[in-house]
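S.K.: Have a look at this one before I ask anything.
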Amino acid sequence: MTQLDLFAAATAPAIRRPVKPHGKVVQGEVDETLTLPHPRMAWHRARIELHRHHAGLWMWSTSWQAVNSGRSYRVGEKWGKFAESRDAALFHAVQEMRGGIGIEASADARAILAWLDTLR
C-alpha cells in the first residue's frame, strides 16, 4: 500500500513513446549516474542513469541486481521513456526500480529500497 503525501510536490507524468527495437542508446558519457556500490563485488547493486535528450526532455534507465531479480539497460531514446525535467526523470526511475524489485525480501533488495528512499 502506498501512503500518499498531501504536501509532496506533484510530478508530471512520464512521456511514453513506442520502443524502437533498433533505436539509439547513449554511447558516450551519460549526464548523471547514481550508483549504490556492492560491498564485496566489482559491480554496483543498483544504478540510475539520467540524460538530457536533444529535444530538451530527460531520459532515464535503471539497473539492479538482487538475489531473485535484476535488470539492466542503457539510457537512450530507444526505450521511449522521457520526462519534462531531471527531477521528474529521477522520480520515474525510482518508481520503476521499486516496481521491478516488488516484494523481494533479500538483503540486496532491502539495501536497494533503502537507497532509493535517499534519492527523493
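According to full-length UniProt numbering, the sequence shown is numbered sequentially starting from 1.
No residue lacks a Cβ here, since even glycine has one placed at the ideal position from N, Cα and C.
What would DSSP say about residue 7, mapped onto helix, strand or coil?
M.R.: Here the model assigns residue 7 a pLDDT of 48, short of 50, so the residue's position is not dependable and the matter cannot be decided.
S.K.: When burial is assigned at 16 or more other CB atoms within 10 Å of the CB, is residue 49 buried or exposed?
M.R.: Residue 49 comes out buried.
S.K.: Residue 137 bridges to which residues according to DSSP?
M.R.: Here the chain covers residues 1 to 120 and nothing more, so residue 137 does not appear.
S.K.: Cα-Cα, which of 103, 107, 105 and 86 is closest to residue 13?
M.R.: With distances taken between Cα atoms, residue 13 lies closest to 86.
S.K.: Taking Cβ positions, are residue 67 and residue 31 nearer each other than 8 Å?
M.R.: Contact flag unset, no.
S.K.: Is the beta carbon of residue 107 within less than 7 Å of some heavy atom of the ligand GTP?
M.R.: The ligand GTP is absent from the structure shown, which contains no ligands of any kind.
S.K.: Taking its Cβ as the centre, do 16 or more other Cβ atoms sit within 10 Å of residue 110, making it buried, or is it exposed?
M.R.: Under this definition residue 110 is an exposed residue.
S.K.: Span of the beta strand (DSSP E) holding residue 113?
M.R.: Per DSSP, residue 113 belongs to no beta strand (DSSP E); it is in the alpha helix (DSSP H), 107-118.
S.K.: Report yes if the CB atom of residue 19 is closer than 8 Å to the CB atom of residue 115, and no otherwise.
M.R.: No.
S.K.: Checking 8 Å against the spacing of the C-beta atoms, do residue 93 and residue 118 come in under that value?
M.R.: It is not a contact, given that the beta carbons lie outside the stated cut-off.
S.K.: Tell me whether residue 64 is buried or exposed, calling it buried when 16 or more other Cβ atoms sit within 10 Å of its Cβ.
M.R.: By the neighbour-count rule (16 or more Cβ atoms within 10 Å), residue 64 is buried.
S.K.: Taking the CB atoms as reference points, tell me whether residue 25 and residue 76 lie closer together than 8 Å.
M.R.: Their beta carbons are under 8 Å apart, which means residue 25 touches residue 76 by this criterion.
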